[in-house]
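For our numbering, count along the sequence shown from 1 and bump the result up by 392.
We treat Cβ as the ideally placed atom computed from N, Cα and C, and that holds for glycine.
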Amino acid sequence: RHRSPEAARVHGRGALPAHGPRGRSPPAQGARRLTLSRALARNTLFSAVGEASNILLFALALLAPRWLGPTAFGYFTTGLAFVGVFRVLPDFGMAYASTLAISRDRSLAERLTGGMLGFQAVLSVITLAACLLAGSRLYEGVAWAAVAILSVDLIFKSLKGTLRWVLKAQERFDAEALS
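Right, here's the structure in full:
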């Protein structure tokens, strides 16, 4: 039965007349799967590119002893081992927990990311101070310089790692791969 637009407004709030525009129909089942599989393939590719930097680090680890020589490489590994003790402090697992929460409810992303980065900044300052203070008491000369440089690097790596996990939670593998 055909009703006029006025009758449609009277009988049902917001009802559209029979001759009015129709909404878009949902995509066909196969089209949705194709879009989902394309997104999955795209995200997998970007994630692989982002993780490929580990191959570069592996190659660097193989070449570093030859480039640095035994003494300098010894200082480097001493600094690396010492700073590695402090590695967990700037993050405390917040990146993983936030990724899980954001992937479940994306509306939490802005609030969690802001709070997490603020708390991580405080932990990073404390970690840097503790690492530099302990390192200055234990090492001197080139070994102390290696500890100082790697301590600062630890903070940047922690921040980068956190941001990468947040981008993964939001399925922004393209931006994560560029980091």
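7 Å Cβ cutoff met for residue i and residue j
i      : j      : result
SER490 : LEU472 : no
ALA535 : THR463 : no
LEU525 : SER543 : no
ALA433 : SER495 : no
PRO457 : PHE450 : no
Which listed residue (the options) has its alpha carbon closest to that of residue i
i      : options                        : result
PHE468 : LEU551, LEU448, VAL539         : VAL539
LEU509 : GLY527, ALA487, ARG498         : ALA487
ASP497 : LEU437, ALA537, VAL558, GLY461 : VAL558
PHE511 : THR436, GLY485, PHE450         : GLY485
ALA518 : LEU492, LEU500, VAL480         : Per the sequence presented here, residue 518 reads as Ile, with Ala not at that position. Comparing Cα positions, the closest option is VAL480.
LEU551 : ALA513, TYR531, GLY533, ILE541 : ALA513
LYS549 : ALA431, SER429, GLY476, LEU437 : GLY476
Whole-angstrom C-beta distance between residue j and residue i, which should lie under 8 Å
i      : j      : result
PHE478 : ALA521 : That belief does not hold up - the Cβ atoms of PHE478 and ALA521 are roughly 11 Å apart, past 8 Å.
ARG482 : LEU546 : Reading the sequence as shown, one finds Pro at residue 482 and not Arg. So it is a contact: roughly 7 Å between Cβ atoms.
PHE474 : GLY527 : 6 Å
Host alpha helix (DSSP H) of residue i (start-end)
i      : result
PHE548 : 533-561
SER499 : Run containing SER499: none; DSSP gives neither H nor E here.
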